[in-house]
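Contents: one structure, followed by commentary.
Chains as they are written, first to last, in the numbering used here: chain A, 49 to 215; chain B, 6 to 374; chain C, 13 to 387.
The following block contains the structure:
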């Protein structure tokens, strides 16, 4: 993966491509938001990363992330790409033109994280109702008390009988 | 003409001495009541039978709690359906919606008029009996179309459209295959058709000639399709159209649709027996001096044969998947109708060259010469 | 397959679902129809969204295990062991050999259950009700085995991180082998009743053809991808647990009834996979090693900072767990990538031009399970 990282740096000199190595698990490459689409299409066509395994939204302390897990059938290699998006304006190019199946995954990330995918033909909420407020998987999301007429609060929060008192 | 209504009418006049017109009305009313309730019971019995047969086929038991072997399950179901709320959708066309199930029931039950149970027991031995039976059962399509349109539901509408196309199309091969029989007997009366056959298999029209042999299968297939039974149950295809034309029906109206369907199973099975399997004909040694005993044996014989076919219908229902709409139409117009024409031609040439004698009779005649 | 003429005046919008008999759970499709022919399919999912991913951020790693059952309740064991594997990889835990064998056994038993249900339901959607009940009868017998193993019949919760919470007894193995023998007989019977039925073949052949390239573009995986002709099985190509010790062939679509990648292929691939699973199980029972079933672990599990994407072959295709850990006892993010969610997006592309009856068959052949789509 490190060699792939250097190759990407050579290929896209203007883009910021950083390699991240954490304590455990997979390594990943953080790429520039502006160059994401061209990098992924380069990976798909020239590097033969033909399979998009997963597309997910995520959040770290300051940024929202859009994470792409790619897989190459010919070389049996996996690569994880990430883009970091500012929380107030999370916008990134869609990759649905490369993998049409990604449109639904992007809709999910939009619904639950609020990441806006540019040029997406049908960017609507998918899991939640259209009139839902907020994006639930964000860390600062507060559970709503009420949705339409359905109240989330219990009338008697301590309805469970107190077992210790009975003893 | 053997007509039990007339017999009853004469009996009433002789014993009670009332007005002729009144006695005619009473006797016809009584006969109608008896036969309709008979078909109602048969319909109910078939719902029970179907569930038991389905249970056996699907390696489970089926209803067995109400009464011995669960025989009263049909009564329990009937009571439940009568007591259920009769829902009519707000935007439905109410008069049509109410009328549709009755049309279905009338169409099917009226066919019973011409079904002979024995040499004496038949409501009316019409001289156009075959034509009447084929025509009146088609009235079901009106009921289904009416119900599906009046429901104001898209699933119902799709079911109704499918049903109309299907029933009207399959009427043609059914009629053509029966025409072979009519060619042989030269009569449209059910009793004449049965009398032209015998009690033994070689005397049945099923083995009359290759044409009628194939014609039976075409008739049976088309009759199944006309009755919307699996594998031709596309109008109510529950996995595609929710419940097809009776999606919006509930309670008694819903059960009327079902009663019509099960009564129709009985009707088509009995028609198959009448046309191809000798009807009520029994061997000579079973005909006794006592008229009543002879008739009872005839009825038993007829019902036995009919129930064999009913079992086959149920068996098919729980074995086969259903066809698609276009496959169904292809089968009718591209295969069944041409083949039934060919069968008609074969039968016609048999009638022409061998004077209406059956295949086996001709063969035996050749050997003995 | 049918000529499409888009005429806006004569189309009908049909609302299929959320409670339609053949949408397998709570799914909704908004269909635009020209008579019986479908012009477009708009899937509307989310009726079964239980925010499992959000729950994952609020409970500890071992406490999330029961929730993975609910991701796909038809193949719950596959979800359990997949999640356990992902956490183990994140923490670098070595699982004992016997536990790995047990995981192979439960996931193959579960695969058989899931495929039996799918084939039965497919037959039921085509109008034959009997094969479904026969398949469920066989399924019940394997459920009995699960009940002996872990006490549950549907949502098993049968894996722990670092091993398995139970061991298998010799008597259970014998009972299991008996059931597998019976299952082989049942498969022959099922072939006569369903697989070789002319109506069944004519309803499925050439319907909903997905070629290999389209399947990959729409991120299809598992049996749906294999039916399109791809030799791709994570059990073989990306060995996890100890699948490399077993001999088995990848079931691939052959196109014997019509075109490669049609609905019949997807059905027959699953039928073949049941046989594959039976042979894997027999091998596993023969070579089951002795030893511990649970690795020694600290009392509270705190994976180091990092992230991992682990995918396993579930009954409905690739089941991927993407876990981001921030070094605490609770995950920062758990994303579950399921086969059905990827498959639902292909409905509009392939569904156009099919008839309503075909759509039902096509949907059943994709083996969509609503809770897995919505999570």
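Here a beta-carbon is modelled for each residue, glycine too, at the ideal position from N, C-alpha and C.
Got a sec: which bits of the stretch 121-133 of chain A sit with their beta carbon under 9 Å from any beta carbon on chain C, in order along the chain? Against chain C - using a Cβ distance shorter than 9 Å - the residues of the stretch 121-133 of chain A are 121, 124, 126 and 128.
One question on the structure: do residue 214 of chain B and residue 351 of chain B come within less than 8 Å of each other, judged by their Cβ atoms? yes
DSSP three-state call for residue 343 of chain B: helix, strand or coil? helix
Where residue 125 of chain A falls: helix, strand or coil (DSSP): strand
Which of the residues in the stretch 136-149 of chain A, read from start to end, lie with their CB under 7 Å from any CB of chain C? 147, 148 and 149
Could you check what DSSP says for residue 14 of chain B in three-state terms: helix, strand or coil? helix
Considering only DSSP beta bridges, list what residue 270 of chain C is partnered with. Its beta-bridge partners do not exist; DSSP assigns none.
Find the nearest neighbour of residue 210 of chain C within the set B:244, B:326, B:270 and B:168, judged by alpha-carbon distance. B:326
With a Cβ-Cβ cutoff of 8 Å, do residue 126 of chain B and residue 39 of chain B count as a contact? No, the pair does not count as a contact, with Cβ atoms beyond the cut-off.
Tell whether a beta-carbon distance below 8 Å holds between residue 4 of chain C and residue 227 of chain C. As displayed, chain C neither begins before 13 nor continues past 387, which places residue 4 of chain C out of reach and without an answer.
Contact the stretch 236-254 of chain B vs the stretch 163-177 of chain B: 3+ CB pairs below 8 Å: yes
Would you list the one or two residues that DSSP bridges to residue 67 of chain A? A:77
Can the beta-carbon of residue 193 of chain B be found closer than 8 Å to that of residue 187 of chain B? Judged by their CB atoms, residue 193 of chain B and residue 187 of chain B are nearer to each other than the 8 Å cut-off.
Hey, which unbroken runs of the beta strand (DSSP E) at 3 residues or more fall wholly within the stretch 274-335 of chain C? Counting only runs of at least 3 residues, the stretch 274-335 of chain C fully encloses the following beta strand (DSSP E) elements, listed from N- to C-terminal order: 318-326.
Pull up the distance between the alpha-carbon of residue 188 of chain A and that of residue 258 of chain B, whole angstroms please. 56 Å
Could you pull out every residue in the same chain whose Cβ sits closer than 7 Å to the Cβ of residue 23 of chain C, ignoring the five residues on either side in sequence? Counting only Cβ-Cβ distances below 7 Å, and skipping sequence neighbours, we find 44, 45, 46 and 51.
Tell me where the beta strand (DSSP E) around residue 102 of chain A begins and ends. 99-107
Proximal chain B residues relative to residue 270 of chain C, where beta-carbon distance stays under 8 Å: For residue 270 of chain C, none of the residues of chain B pass the 8 Å Cβ criterion, the least Cβ distance being about 14 Å.
Boundaries (first-last residue) of the alpha helix (DSSP H) holding residue 165 of chain A: Segment 164-166 is the beta strand (DSSP E) holding residue 165 of chain A; no alpha helix (DSSP H) there.
Assign residue 7 of chain B to one of three DSSP states: helix, strand, or coil. The predicted position of residue 7 of chain B is uncertain, since its pLDDT is 49 and thus under 50; no value can be drawn from it.
When you compare only the Cα positions, how much space is there between residue 6 of chain B and residue 307 of chain B? Its pLDDT being 40, under 50, residue 6 of chain B is placed unreliably by the model, and nothing is read from it.
At a Cβ threshold of 8 Å, is residue 191 of chain C touching chain A? So, not an interface residue.
Do residue 116 of chain A and residue 133 of chain A have their C-beta atoms within less than 8 Å of each other? no
Considering only the alpha carbon of each residue, which of C:382, C:329, C:70 and C:379 lies closest to residue 101 of chain A? Sorting C:382, C:329, C:70 and C:379 by C-alpha distance to the C-alpha of residue 101 of chain A places C:329 at the top.
Exposed or buried, which one is residue 96 of chain A when buried takes at least 16 other CB atoms within 10 Å? exposed
State the start and end residues of the unbroken alpha helix (DSSP H) segment that holds residue 106 of chain B. 99-115
At least one CB of chain C closer than 8 Å to the CB of residue 362 of chain B: is that the case? no
What is the rounded straight-line gap between the Cα of residue 182 of chain A and the Cα of residue 29 of chain C? 27 Å
For residue 167 of chain C, which of helix, strand or coil comes out of DSSP? coil
Here's the rule I'm using: 16 or more other beta-carbon atoms within 10 Å means buried, otherwise exposed. How should residue 55 of chain C be labelled? buried
Going by Cα to Cα distance, which pick from C:151, C:120 and C:234 is closest to residue 378 of chain C? Its Cα nearest to that of residue 378 of chain C, the residue C:234 stands out among C:151, C:120 and C:234.
Nearest chain B C-beta to residue 24 of chain C closer than 8 Å, yes or no? yes
Determine whether the Cβ of residue 244 of chain B lies closer than 8 Å to any Cβ atom of chain C. yes
For residue 61 of chain C, name the three-state secondary structure that DSSP assigns. The answer is coil: DSSP assigns residue 61 of chain C none of H, G, I, E or B.
Going by beta-carbon coordinates alone, are residue 109 of chain B and residue 220 of chain B separated by less than 8 Å? no
Where residue 182 of chain A meets chain C, residues with beta-carbon distance less than 8 Å: By Cβ distance, chain C contributes nothing, its closest Cβ being about 12 Å from residue 182 of chain A, past 8 Å.
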